[in-house]
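Student: Before we start, here is the structure in question, set down as C-alpha cells.
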Amino acid sequence: MQSAFHRRSVTLALLLGALSAPAFAHHGWAWTESGFFELTGVIEEVYLGNPHATLDVDVEGTIWRVDLAPPGPTAASGFVEGVAEPGDEVVAIGNRSADPDENRMKAVRLIIGGETYDVYPSRAGNI
Amino acid sequence: MLEALQASGPASFLRSSFYLYPLLNALHILSIGALVTSALLMDLRVLGLGRRLAAETVIAQLRPVALMALAAALFSGLLLFSVQPLDYAGNPAFRIKLLLLVAALANAAVFTFLRLDRRGGRLSALLSILLWLGVLVAGRFIGFVL
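Have a look at this one:
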C-alpha cells in the first residue's frame, strides 16, 4: 500500500508538471507576439513535411526555427521543393515567440532570391 | 535507429501526404478515445460505480475493446512518430506521455495478473484513471512545447 500511495504521488507530480510546463510552441498563434517581426539569415535546413513545414535559419551564428504553414498551404504559396536550398538568404516576416529566450517564429511571408511566398495569405495583407 | 525510421518508406510517404497524415491522426484520436473510455469505465466499476453490471462482466466486455484500441493507438502512434522522430524524441511532453503510458500499462498488468485484494484493486483503478488521463493530456501538449 505504501508503494502504491507513493506511485500515485509521483503520478500526480508528473501530471501537474505536464499541465504547468511552459507550453507554447507551434500550434496556432497564441505563443507568438502580436506585432510583426522580421528575421534575416541564411537557410540551414528546409523541412517541407507534416505536420508543419519549417526552416532552420542561421542568424549570425544563432539558429532560429521558423515555422511555416502545414505542407498543403505552404506548397500553395509556391514554396515547394527546390525553391530554397541551404545557403540561400531568407527574409522571414511573421510573429516571433513571446518568450524572449526562444529563437523561434511563425512566418507569414518568406522572401528568398527576390521571390515572395505568402504561406499565410490571410495574414499577409496586414504586413 | 531514429534516423533509419525517419528515412523509411512509410515515413517519407506520410511526411508529404495530404490525406493520409490527417487520417492517421484521426485513427490515433479514435483509438485513444476508445482506449481511455473503456479503461475509465472498467476503473469506475472497480471503484464501485454502475453496480447494475457485475465488475467481471464489465471487464470481460471492455478489456478486448481496450486491447484492440491499444494496438491501433500504438500502430498509428508509431507511424506519426516516424515523420519527425528526432523532434518527438526530444519533446518533453512526448517523453512524459511515454513514461505515463509505460506506468499505465504496468498498472494494468499488475491489476490483471496479480491477485490484488479489494483495496489493492481500487487503488490500481484510481491510479489507472490518473495515468490514462495523464497520457491523454501529455499527448495533447506535444504540439505546444518545443
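Residue numbers (this note's numbering), protein chains in the order written: chain F, -6 to 120; chain U, 17 to 162. Just so it is clear, CB atoms sit at the ideal spot from N, CA and C, and this is done for glycine as well.
1) Relative to the C-alpha of residue 161/U, which residue among 91/U, 134/U and 108/U is closest?
2) Closer than 7 Å by C-beta to residue 125/F: which residues in its own chain qualify, once you throw out the five before and the five after it? Chain order, please.
3) So what does DSSP say about residue 16/F, is it helix, strand or coil?
4) Return the CA-CA distance between residue 66/U and residue 53/U, expressed in angstroms with no decimal places.
5) Rounded to the nearest angstrom, what separates residue 31/U and residue 72/U at their Cα positions?
6) Using a Cβ-Cβ cut-off of less than 8 Å, give me the residues of the stretch 60 to 72 of chain F that come near chain U, in sequence order.
7) Compute the distance between the beta-carbons of residue 31/F and residue 49/F, then report whether it is under 8 Å.
8) Taking only the alpha-carbon atoms, compute the straight-line gap between residue 55/U and residue 80/F and give it to the nearest angstrom.
9) My output table needs one value for residue 48/F: the three-state DSSP class, helix, strand or coil.
10) With DSSP as the reference, please indicate the residues paired to residue 105/F in a beta bridge.
11) Per DSSP, which one or two residues make a beta bridge with residue 32/F?
12) Residues of chain U with CB under 7 Å from residue 42/F, in chain order?
13) Ordered along the chain, which non-local residues of its own chain (more than five positions away) have a Cβ less than 8 Å from that of residue 88/F?
14) Buried or exposed: where does residue 40/U fall if 16 or more other Cβ atoms within 10 Å of its Cβ makes it buried?
15) The beta strand (DSSP E) that contains residue 58/F, what's its start and end?
16) Express the C-alpha separation of residue 111/F and residue 15/F in angstroms, rounding to a whole number.
17) Against residue 37/U, what residues of chain F qualify as contacts under a CB-to-CB distance less than 8 Å, listed in chain order?
18) At which residue ranges does the stretch 50 to 108 of chain U contain complete alpha helix (DSSP H) runs of 4 or more residues, listed in the order of the chain?
Tutor: In this structure, then:
1) Here residue 161/U corresponds to residue number 145 of the second sequence, with the count starting at 1. Ranked by how close their Cα comes to the Cα of residue 161/U, the residues 91/U, 134/U and 108/U have 108/U in first place.
2) Nothing can be reported for residue 125/F: it is not among the residues displayed for chain F, which extend from -6 to 120.
3) Looking up residue 16/F in the first sequence gives position 23. Per-residue confidence for residue 16/F stands at a pLDDT of 38, beneath the threshold of 50, marking its modelled position as unreliable; no derived number is given.
4) Translated into the one-based positions of the second sequence, residue 66/U becomes position 50. Translated into the one-based positions of the second sequence, residue 53/U becomes position 37. Cα to Cα, the separation comes out at about 15 Å.
5) Against the second sequence, residue 31/U aligns to sequence position 15. Against the second sequence, residue 72/U aligns to sequence position 56. Cα to Cα, residue 31/U sits roughly 44 Å from residue 72/U.
6) Residues 64 and 65.
7) Walking along the first sequence from the start, residue 31/F turns up at place 38. Walking along the first sequence from the start, residue 49/F turns up at place 56. Taking a C-beta distance under 8 Å as the contact criterion, residue 31/F and residue 49/F do not qualify as a contact pair.
8) What you label residue 55/U is simply residue 39 of the second sequence in a count that begins at 1. What you label residue 80/F is simply residue 87 of the first sequence in a count that begins at 1. So the two alpha carbons sit approximately 51 Å from each other.
9) Along the first sequence, one-based indexing puts residue 48/F at 55. Residue state for residue 48/F is assigned as strand, using DSSP reduced to three classes.
10) Translated into the one-based positions of the first sequence, residue 105/F becomes position 112. The partner list for residue 105/F (beta bridge, DSSP) reads 83/F and 108/F.
11) What you label residue 32/F is simply residue 39 of the first sequence in a count that begins at 1. Under DSSP, residue 32/F shares a beta bridge with 85/F.
12) Position 49 of the first sequence, counting from 1, holds the residue named residue 42/F. Correct list: 31, 32 and 99.
13) Locating residue 88/F in the first sequence gives position 95, counting from the first residue. Excluding residues up to 5 positions away in sequence, 22, 25, 26, 27, 28, 29, 30, 98, 99 and 101 lie with their Cβ nearer than 8 Å to the Cβ of residue 88/F in the same chain.
14) The sequence position of residue 40/U within the second sequence is 24, counting from 1. Looking at its Cβ environment, which holds 16 or more other Cβ atoms inside 10 Å, residue 40/U is buried.
15) Position 65 of the first sequence, counted from the start, is the residue given in the question as residue 58/F. Residues 55 to 60.
16) Counted from its first residue, the first sequence places residue 15/F at position 22. Counted from its first residue, the first sequence places residue 111/F at position 118. With a pLDDT of 42 at residue 15/F, under the threshold of 50, the predicted position of this residue should be treated as unreliable, and no value is reported.
17) Against the second sequence, residue 37/U aligns to sequence position 21. Within chain F, the residues near residue 37/U are 43 and 44.
18) Every alpha helix (DSSP H) stretch that sits fully inside the stretch 50 to 108 of chain U and reaches 4 residues is listed by chain position as 71 to 99 and 101 to 105.
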